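**Q** First the structure, which I've put down as C-alpha cells, then a few questions once you've had a look.
Number of protein chains: 4
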Amino acid sequence: MKKGLKIATIGGGSSYTPEIIEGFINKKLSGELPIEELYLVDIEEGREKLEIVGNLAKRMVEKAGANINIHLTLDRREALKNADFVTTQFRVGLMEARIRDEKIPLRYDLIGQETTGAGGFAKAQRTIPVILDICRDMEELCPDAWLINFTNPSGIVTEAVLKHTNIKTIGLCNVPIGMVSMVSEMFGVSADRIYIEFGGLNHLVWGRKIYKDGEDVTKEVMEMLKDDKLFTMRNIPNLQWNKELIDALGVLPCPYHRYFYLTEDMLKECKESAAKDGTRGEVVRKLEEDLFELYKDPNLNIKPPQLAKRGGAHYSEAAVNLINSIYNDKKDIQYVNTRNNGTILDLPEDVAIECNCIIDKSGAHPINIGHMETSIRGLLQVVKAYEELTVEAAVNGDYHAALKALTIHPLVKDANVAKRVLDDIIKENIDYLPQYRK
Amino acid sequence: MKKGLKIATIGGGSSYTPEIIEGFINKKLSGELPIEELYLVDIEEGREKLEIVGNLAKRMVEKAGANINIHLTLDRREALKNADFVTTQFRVGLMEARIRDEKIPLRYDLIGQETTGAGGFAKAQRTIPVILDICRDMEELCPDAWLINFTNPSGIVTEAVLKHTNIKTIGLCNVPIGMVSMVSEMFGVSADRIYIEFGGLNHLVWGRKIYKDGEDVTKEVMEMLKDDKLFTMRNIPNLQWNKELIDALGVLPCPYHRYFYLTEDMLKECKESAAKDGTRGEVVRKLEEDLFELYKDPNLNIKPPQLAKRGGAHYSEAAVNLINSIYNDKKDIQYVNTRNNGTILDLPEDVAIECNCIIDKSGAHPINIGHMETSIRGLLQVVKAYEELTVEAAVNGDYHAALKALTIHPLVKDANVAKRVLDDIIKENIDYLPQYRK
Amino acid sequence: MKKGLKIATIGGGSSYTPEIIEGFINKKLSGELPIEELYLVDIEEGREKLEIVGNLAKRMVEKAGANINIHLTLDRREALKNADFVTTQFRVGLMEARIRDEKIPLRYDLIGQETTGAGGFAKAQRTIPVILDICRDMEELCPDAWLINFTNPSGIVTEAVLKHTNIKTIGLCNVPIGMVSMVSEMFGVSADRIYIEFGGLNHLVWGRKIYKDGEDVTKEVMEMLKDDKLFTMRNIPNLQWNKELIDALGVLPCPYHRYFYLTEDMLKECKESAAKDGTRGEVVRKLEEDLFELYKDPNLNIKPPQLAKRGGAHYSEAAVNLINSIYNDKKDIQYVNTRNNGTILDLPEDVAIECNCIIDKSGAHPINIGHMETSIRGLLQVVKAYEELTVEAAVNGDYHAALKALTIHPLVKDANVAKRVLDDIIKENIDYLPQYRK
Amino acid sequence: MKKGLKIATIGGGSSYTPEIIEGFINKKLSGELPIEELYLVDIEEGREKLEIVGNLAKRMVEKAGANINIHLTLDRREALKNADFVTTQFRVGLMEARIRDEKIPLRYDLIGQETTGAGGFAKAQRTIPVILDICRDMEELCPDAWLINFTNPSGIVTEAVLKHTNIKTIGLCNVPIGMVSMVSEMFGVSADRIYIEFGGLNHLVWGRKIYKDGEDVTKEVMEMLKDDKLFTMRNIPNLQWNKELIDALGVLPCPYHRYFYLTEDMLKECKESAAKDGTRGEVVRKLEEDLFELYKDPNLNIKPPQLAKRGGAHYSEAAVNLINSIYNDKKDIQYVNTRNNGTILDLPEDVAIECNCIIDKSGAHPINIGHMETSIRGLLQVVKAYEELTVEAAVNGDYHAALKALTIHPLVKDANVAKRVLDDIIKENIDYLPQYRK
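Going line by line, the protein sequences match chains A, B, C and D.
Under our numbering, the first sequence has 399 at position 399, and the numbering climbs by one with no breaks.
Basically our numbering = 1-based index in the second sequence + 438.
Basically our numbering = 1-based index in the third sequence + 876.
Basically our numbering = 1-based index in the fourth sequence + 1314.
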C-alpha cells in the first residue's frame, strides 16, 4: 500500500504555484500520486505573496475535491521534515535582483539575461548558497527525499547540489519539453508523437535527432526552421535564425542558442526592448503584480488562464511528471539535468548535463550520447567550463574563479569587461552573497 | 659516416631566409649538420625576391667558408627529390593577402590578425591546399624526409598535414622560445637557465610552470607580469594585462592571449593603428621593401642586423635546432607542434598541440600534461574545435564547416557576423582557394 | 497503415525454430506485427531439417490462423530481398563443429565450452565469415533491414558486424532475460516486477543493481545467491558460488561467470561430464534428434513442450520482443548487444557491449553506465581485448591476432598452450575457415 | 652554492648496500652530489646486518676519500629529520617472509614468485603499511624530501604512496635498465647507444620501440629474441620464448613476462627448482649469508665482486642516477614508476606506471605513450586492476578487495583458489599485517 506523500515546495509564494498545484491535484485525483501534505514555504519577505497564492491553492484543492492538506509556512525545517519530495522555485533577492541581473551587463554592452551570460552568473552566485543550505537541512531532516530543482540557472544549481551535497537531485527545465511542443506545432500533431534526442546543457541543449512517430524528421524540421516557422519561447526574442548556420548544424538549437548564435542582434534587441518596455524582469514584475491581484479574488479556485502569459509554460507539467515517474517507477523518458557520468564523452564526468533520461524510483538514468559534432562540442565545452567555475566561485566565494568564469564566457568580451561586470555584480548583490563577505 | 644532407626551403625568397641561412652555416661549421645541398624554392611571382635573397645567401655561405651548395629554383619537385629536410616559410598570396586578412575582419568590428580570428582562418584556407600539395610531392619524391613547418597558422597547418598526409612533420613557432627569452630578461639571466612547461595550441599556449635553474619561479613571474615588466613580441601590441586575471590564472599566458583576454582593447588598438600606420601587414611590407634593398647590396655577406626588427626572431633558431636534434638524435626538449595523442587529456587524440617534446631521430615525443585548469581547458577546447573545423573546411572546401568554425571562434561575434566575414574572405581570396571553386 | 512485414530467418532448420514461430504467431494475432512473409533459409546440408521444422511451422501457423506465408528455401538472396528483419540462428559446421569446440580445449586441460574460451574462439572464426557474407548480401538486397543476431558467440559476432558492415544490427542473448527470470523465481514474483541494470559483455554480464517493484534488492539477492538458491541455466553446470566472492563483488554474476570465477571446478566438471555423458554438444545432439522425430509428426501443430529442455529458453521471447519494439517504436528497455559508444567508460567506443537499452524504431540506445568496479573492469577489459583480437583474426585470417587473443584469454593458460589449441582449431576446422586458407 | 645533502636509506642493513654506497661515493667524488650525511637505518631484527654492512660502508668511504658521514641507526625519525632524499630497500619480514611468499602459492599449483602473482600480493600487504608509516614520518620531518623507492613490488608500493600520502616519490626497478643492457649485449655495443621506449607496469613493462644510435632496430631485436639470444635476469628462469608470440607481439617483453606468457612451463620450473635447490629466496638466503661473511672482513673496503651474483644489478646505478638527475635538474630520460596521468590512455589517471620520464628537479615527467596494442592493453588492464585492489586491500585491510585482487590475477586460477591462498597468506603473515588484525 502506498503511503501518503509529503511534498515541500520552497518558494511557495511564487506566481507559478497555481500551475504546480493544478498538476498535483490531477495526479492525486487520478490515483497516481497519493499526496497528503503539501507545504508551501517562503521567507519573511515573501509572506504576503505566500498567503495570497497559498489561499488560492487551498481553494483549488477544495474545489477539485483533492483532499491535499496545504500548509503555508515560513519554517523551512518544519516543511522539510520527513518530506518525500522537495521542489524548489525560489528566487533569491526577488524580482529586483533579476532586474539587476539584466541591467548590469547592459552597462557594458553585454547581453543581460537572467540565466545565461553575466546575469545568469549573478543569479547562480545568489542561489547556490541557499540551495546548499536547503540541502544541509535535507541531509538532516529528509535524507532520502528527492530534490526537484527548477530554480534557475537550473543546470548550474543542479551541478552545485550534485558536487557538494549528498541529496538525490534532478534538475528541471521547460526548454526541452517546450521544444517538443514547438515541433509538434510545426507538424500539427500532438506532442506525444514527437520525440527528440536532446543533449547539452541547460539552456544550451540541442535536439540531436527529431522523430515523428518514430521516423527521423530532423531534416524537415531544419527546413521549417529556416522557413521561419514559429520556434521560440515567450521570454526570448524570436529573432530569425541564420539559415546557413541551421544547414551547417543539422541539429535543432534551443531558443536560448540565439544568444550565442545571433549575439549581436540579440544584444541590440535587449537594449532596445529594455529602453522601450523595460527589461524582461520589469515586464514580468508587472505581469506578476496583475497575477497576484487576480489570485486575491476569493472566488478564483482554478489556475487562471492569464498565468500562461508568464512564460514558464510546461514547468509544472515537467515537475509533476518527474515526481510521478520516480514515485511510480515508470521507466519513461524525460528530459532532465543530471550527472554526466560519461553520457557526453566531451565533458567531465562529474558535471550536470541536460539529456534524455529513463526516470524510475532510483532516479534519472541518462541515455548514452557519446561525442557531439565538433562545433557543438566546442561551444559546449567552453560554456561548461564557465559553469564549473561559476559553481566553484559560488560555493567558495572565490573571486578568481568568478573572474575566470566570466572571462571565458562567450557572451562576455574579455577579462577587463569581466572584471567590471563582476565587481558591479558583487557590490550590488552583496546582501545575498555571504560567501563573498568573508 | 654521416652522409651529406639535402635541405629544401619552400618560400626561399622570404625576407627571413638570411636568418635560417645563418643557422645552417653555424651548424655546418660546428660539424653538427653536414649540409651539402640547400634548395631555395619559390614561385614565379617570387622570382625576383628569391634571386635577391638567394644571392645574399650564397655570399653568406662563401664568406663563412661553409661549403654549402645553394640552389635557387622555381622547380619544387627538383628541390624535393631525395631531400632530407623540407622547411616551409611561404606565404600564399604574398603580403597583399595578409593585408586583406587584417582588413576584412575590421570591417565587421572584429580583430584583424593574420593568425588568430577570421584573418588566421583565411590564411589557413589559402595555405592548406598548398601544403597538402607539397606533401603529395614529398610522398613521391622524399617520403622519409621531415617537413619542418613554420608557415602560419602553424598549428592548424601542422594538423592538416598530420591528418591528411603520410609525411612526418613537426610544426614550429617562435612564441614559446620567445617567452623563454622574455622570462630570462625578466630575471636578467641567460635563456638556458629558464625552463617552461608549455601546453596549449599554437598562439594559444600557456606556460604552465616556469623554472629558473630548476626552481619553480612561476609565482614570481606572475608578479612581475602584473608589474608590467616587458613581456611581448614585436608584432603584438603590448597592452597591459589584467592583473586580477593574471592572479587568477596562475600560469603564464602567451603574448597572443591578449587577443582573447583583452579583446576590447586589442580591437581598439588594431583599429587605431590600422588607421594611423596601416595594419601590421602594411608596416611589414614597408620593412620588407627596405630589407630587400639592403639584401641587394653585393657587399653584404652576413645577416643584416635590421632583420631583427621584422618580428620573427627565434624562428631560425627554432628550426635549425629542431633539425639538429632530429639528425643527431639529441633527445633534448624543444617546444613544437605535434599530434596530441592524449598528452592533453581535454583534447581529441588526433589534433595538433603545442607542447614540450623530446626531439630525437624518430621525431617529437610530447611530455605528458594531463588535464588543464578549468578556464584554460574551456578556451582551449573551443579554439581547438574552431581549428578542427578550419582544417576540415580548408581540405574539403566545406562552407558549412567554415561557417561553424567562425561562428564558435571567441573573436568572431556570432553566426551572422561569421557569415559576412566568411563570404568576404572567400570572394576576395578566390584565386587562392581552389577548394571553394568546385 | 502498416505494410506487411517480410522476415528472413537464416538457419531456419534449427530445432529452435518452433519457438520463434510461436512468437511471431502471437504478435501477428495480437495485431502488433503484421508479418506477411516468413522465409526460413538453410543450406544444402540442412535441407532435411529445414523441411521437417518448416512443415511444422506451417502447421503451427495454420492451426493458429495467423495468415503468415512461410517459405522454405536454400536461396538466401531470395529470402533477403526486401526483407524488413533478418534473424540469424545458424550454426556453421553443424553440431559436429560444436562438439569439436568442446573437445579440442579439453585435450590441453582447458575448459571446452562453445561460447567462451578456446571453443568460443573457434566458433567465432567459423561464424564471422558467414555473417559478413550475409551482410554483404543485405547491403545489396535489403540495406534498411535490421539484423537480429543470436548466433553465438553473440557479442563477438555483433562486434564484427558493427565494425565491418553498414548493416543495422542488434545482438541478442537469453542470459540477461534468463537472469531476470531466475531472480523473479527467487522472490516468487512475476518477472515483470524484477528489473536489473546489466552491464558487461555477452556471457560476461553482471547485474549491477537489482530492483523488485523499483526497490533495490541487490543485497538480498546476493544473500540468496550465497544460500545456493537456484541460479543457473540448463546448459551450465550449477556449481556453488564462492560465498566470499559474492560478498566482495556485491553485484550479480551471470551463470557463465562460473567459468571465470570457479575455473578449476568447472574444468573438473567439464572433464567428468564429457567422460560420463559426452560433452554438452553430444547431449544436445541426442536431444535434437529426438526433437526432430517429434517435429515430423504431421499431427503436431504447436510448439512441443519438450523443446524447453533444449536450453535456449527465452531466445524467441527476446527476439520477438526486440522486433516488436523496433517496429512499433516502443521505447521500452531490453537487454541487448550493441555499440559501446562510451556507455562503459572502461572499454573502447567501437566495441560491442551487453547492456540495458531503450529500443525504438531507430534501434538500441544504451543507458549510461560509466565506470565499473575495479575487479569487474579488469576482467571485462582483458576479455574484451580477447574479443577484439578474435574479430580481427576472424575477419583477416590473422594468425598473430588469433594467437594473441588466446594467449591473453583468462581460460587459456599461456602462449604455448594457446598455440597448440589454436593449431588444432585451425587444422580441424579448415573447411569452415576460408580466411585461413590464403 | 650547493648545500651538503642528507640521505637516509631505510633498510640500510641490506646486502645491496655496498652497491649504493659505491654509487654515492662516485657521485660525491665527481662533484655532482655533495652528500654530507648518509643514514643507514634498520630495525632491531636487522641490527647485526646493519653493523656489518654499515662498517663496510664506512671503510669504503674512507678508502675512497669521499668524506661522507655514515650513520648507523635504528632510529628512523632521526635519520629522516631534514633529509633531502630517502631511499627504501627494506624487506618486511626478512628473507623468511620471501620464502613463504614463494612457497604458499606452490601449495595450490600456482607460481610462487616474490613480486608477481600471489607472492607479490603478500609482499605488498606487508610492505605498504610500513611505507605509509615512513611517509607519515616524512610528512612531519622532511616534507620536501624525495622518496626513491625500490622496495618490491615497486610499482604497487609506489602507487600506494602516490595515492595515500603527500610525499614526492619515484619508484625504481632494475628491469628496464637491465633490458637496455641485454639489448646492448645482443648488438655488442655499449648501453648508451641503445634506447628503448618502455611502457607498462613494474615487472610488466614492454619495450615498445628499440633504437640503436637512433635507428629503429625493434624488428632485429625480435628476430634475435626468437633465436634465443640471451635475454633474461639472474633471478628469472631463462625459458625460451614462444617464437610465434614474439612475432605477433612485435614488441619486447620483459623477463617477467615469462610468468604470463609461459605460465605452464614457468610453474613447472618453479616447482622443480624449489624441490631441487629450494626456492629463489632460499638460494638467495644462502648467497646473502656468504656475502655477509665477506662483508665482515675488516680488510674489505670496496664493493666485493661477488655481490653481482645476488641478482639486483643496476639497482644502485638506477637509484644514484635518479637522485643525481633530480638534484642537478638534468632533464635526462630515465625509466621509472610514476603517476600515469594519462600517459597510457588505457589505464586510470591516478595509478602508477613504468615508463620513460624526463627527470629534473621537479621530478619525473612521463613521455606520452597513448594507447597500447590490444593484447598488451588487455593484459595491462587486468594486472593494473589487480594492483589497484592490492593497494586498496593493503591500505584498509580489506579482505574483499584482497579476494577480488587475487581472483582476477592471471596467475591465480579462480576465486576458490584465491581464497585458499589468501587465507594462508594472512594467517602466516599476520605478525606483519596490522591492517588485517582489526
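For glycine and all other residues, C-beta sits at the position ideal for the given N, C-alpha and C.
This structure is a prediction, so every number in the text was calculated from the model and none was measured.
So, helix, strand or coil for residue 343 of chain A, using DSSP?
**A** Looking at residue 343 of chain A - three-state DSSP - the assignment turns out to be coil, as it is neither helix nor strand.
**Q** Using a threshold of 8 Å, state whether the C-beta atoms of residue 406 of chain A and residue 118 of chain A are closer than that.
**A** Going by C-beta atoms, residue 406 of chain A is nearer than 8 Å to residue 118 of chain A.
**Q** With contact counted as at least three CB pairs below 8 Å, one residue from each stretch, are the segment 571-589 of chain B and the segment 605-615 of chain B in contact?
**A** Yes, the segment 571-589 of chain B touches the segment 605-615 of chain B.
**Q** Threshold first: 3 residues or longer. Then list the beta strand (DSSP E) segments lying entirely within the segment 281-357 of chain A, N to C.
**A** The qualifying runs are 332-339.
**Q** For a contact defined as C-beta to C-beta under 8 Å, what are the partners of residue 1092 of chain C on chain A?
**A** Correct list: 362.
**Q** Do three or more CB pairs link the segment 625-643 of chain B to the segment 581-600 of chain B at distances below 8 Å?
**A** The segment 625-643 of chain B, when compared against the segment 581-600 of chain B, does touch it at the 8 Å Cβ threshold.
**Q** Buried or exposed: where does residue 1 of chain A fall if 16 or more other Cβ atoms within 10 Å of its Cβ makes it buried?
**A** The pLDDT assigned to residue 1 of chain A is 42, lower than 50, so where the model puts this residue is not dependable; a value taken from the coordinates is nonetheless given after this. That one is exposed.
**Q** Identify, in the order they occur along the chain, each residue of the same chain with its Cβ nearer than 6 Å to the Cβ of residue 700 of chain B, setting aside the five sequence neighbours on each side.
**A** 677, listed in sequence order.
**Q** Can we say the segment 1518-1529 of chain D touches the segment 785-804 of chain B, given the rule of at least three CB pairs closer than 8 Å?
**A** The segment 1518-1529 of chain D, when compared against the segment 785-804 of chain B, does touch it at the 8 Å Cβ threshold.
**Q** Would you report the Cα separation of residue 1083 of chain C and residue 340 of chain A, rounded to the nearest angstrom?
**A** Their Cα atoms are separated by approximately 22 Å.
**Q** Closer than 9 Å by beta-carbon distance: list the chain B residues that pair up with residue 1346 of chain D, in chain order.
**A** Within chain B, no residue comes near residue 1346 of chain D; the closest Cβ sits about 14 Å away, beyond 9 Å.
**Q** On the premise that residue 221 of chain A lies in contact with residue 252 of chain A, defined as a C-beta separation below 8 Å, what is that separation, rounded to the nearest angstrom?
**A** At roughly 6 Å, the Cβ-Cβ gap stays under 8 Å, so residue 252 of chain A and residue 221 of chain A are in contact.
**Q** Three-state secondary structure (DSSP) at residue 1079 of chain C?
**A** Residue 1079 of chain C: coil per DSSP, three-state reduction.
**Q** Look up residue 877 of chain C in the DSSP assignment and say whether it is helix, strand or coil.
**A** Only weak support is given to the placement of residue 877 of chain C: the predicted model assigns it a pLDDT of 42, under 50, and the value that follows is read from those uncertain coordinates. DSSP places residue 877 of chain C in coil when its eight states are reduced to three.
**Q** Given residue 558 of chain B, which residues of its chain have a CB within under 6 Å of its CB, disregarding the five upstream and five downstream residues?
**A** Same-chain partners within the cutoff: 591.
**Q** Determine, for residue 1564 of chain D, whether the minimum Cβ-Cβ distance to residues of chain B falls below 8 Å.
**A** So, not an interface residue.
**Q** Assuming residue 564 of chain B contacts residue 530 of chain B (C-beta within less than 8 Å), just tell me the rounded distance between them.
**A** That belief holds up - the Cβ atoms of residue 564 of chain B and residue 530 of chain B are roughly 4 Å apart, short of 8 Å.
**Q** At 8 Å on the CB atoms, spell out the chain B contacts of residue 1682 of chain D, in chain order.
**A** The answer, in chain order, is 779, 780, 781, 803, 804, 805, 806.
**Q** Indicate whether residue 1211 of chain C and residue 1232 of chain C have their beta-carbon atoms separated by less than 8 Å.
**A** For residue 1211 of chain C and residue 1232 of chain C, yes; Cβs fall inside 8 Å.
**Q** Contact defined as beta carbons within less than 8 Å: I believe residue 1493 of chain D pairs with residue 1568 of chain D. What is the distance between those atoms, to the nearest angstrom?
**A** Their Cβ separation, rounded to whole angstroms, is 6 Å, which keeps residue 1493 of chain D and residue 1568 of chain D in contact under 8 Å.
**Q** Using a C-beta to C-beta distance shorter than 9 Å, which residues of chain B count as neighbours of residue 335 of chain A?
**A** Those within 9 Å of residue 335 of chain A in chain B number zero; the least Cβ separation is about 24 Å.
**Q** Report yes or no: do three or more beta-carbon pairs, one from the segment 1163-1178 of chain C and one from the segment 890-908 of chain C, lie closer than 8 Å?
**A** Because the criterion of three Cβ pairs below 8 Å is met, the segment 1163-1178 of chain C and the segment 890-908 of chain C touch.
**Q** Below 8 Å between beta carbons: does that hold for residue 1428 of chain D and residue 1412 of chain D?
**A** Yes, the Cβ-Cβ distance between residue 1428 of chain D and residue 1412 of chain D is below 8 Å.
**Q** Just the Cα atoms here: how many angstroms apart are residue 149 of chain A and residue 314 of chain A?
**A** Cα to Cα, residue 149 of chain A sits roughly 14 Å from residue 314 of chain A.
**Q** Identify each residue in the segment 634-654 of chain B for which the Cβ-Cβ distance to at least one residue of chain D is less than 9 Å, and report them in chain order.
**A** Listed in sequence order: 635, 647, 649, 651, 652, 653, 654.
**Q** Counting only beta-carbon separations shorter than 8 Å, does residue 769 of chain B have a partner in chain F?
**A** Checking the listed chains, one finds no chain F in this structure; the protein chains it contains are A, B, C and D.
**Q** Mind checking whether residue 1473 of chain D and residue 808 of chain B have CB atoms under 8 Å apart?
**A** Cβ distance not < 8 Å, so residue 1473 of chain D and residue 808 of chain B don't count as in contact.
**Q** Can you tell me where the beta strand (DSSP E) with residue 1680 of chain D in it begins and where it stops?
**A** Element bounds for residue 1680 of chain D: 1677-1680.
**Q** Please report the distance separating the alpha-carbon of residue 1341 of chain D from that of residue 1512 of chain D.
**A** So the two alpha carbons sit approximately 27 Å from each other.
**Q** Return yes when the C-beta of residue 766 of chain B is under 7 Å from any heavy atom of the ligand NAP, and no when it is not.
**A** What this structure holds is no ligand at all, so the ligand NAP is not there to describe.
**Q** Taking contact to mean at least 3 C-beta pairs separated by less than 8 Å, is the segment 950-966 of chain C in contact with the segment 908-922 of chain C?
**A** Result yes; three or more Cβ-Cβ pairs closer than 8 Å.
**Q** Please state if the CB of residue 36 of chain A and the CB of residue 6 of chain A are separated by a distance shorter than 8 Å.
**A** Against a cut-off of 8 Å, the Cβ pair of residue 36 of chain A and residue 6 of chain A comes out as a contact.
**Q** Rounded to whole angstroms, what is the Cα-Cα separation between residue 438 of chain A and residue 176 of chain A?
**A** The straight-line gap from Cα to Cα measures roughly 39 Å.
**Q** Is there a C-beta anywhere in chain B that falls below 8 Å from the one on residue 1687 of chain D?
**A** No, residue 1687 of chain D lies away from the interface with chain B (no Cβ there is under 8 Å from its Cβ).
**Q** Is any beta-carbon of chain A found at less than 8 Å from that of residue 440 of chain B?
**A** Low confidence applies to residue 440 of chain B: its pLDDT is 49, below 50, so where it sits in the model is not reliable, and the reading given next is rough at best. Not one chain A Cβ lies under 8 Å of residue 440 of chain B.
**Q** Taking the alpha-carbon positions, what's the residue 963 of chain C to residue 1192 of chain C distance?
**A** Approximately 11 Å, taken between the alpha carbons.
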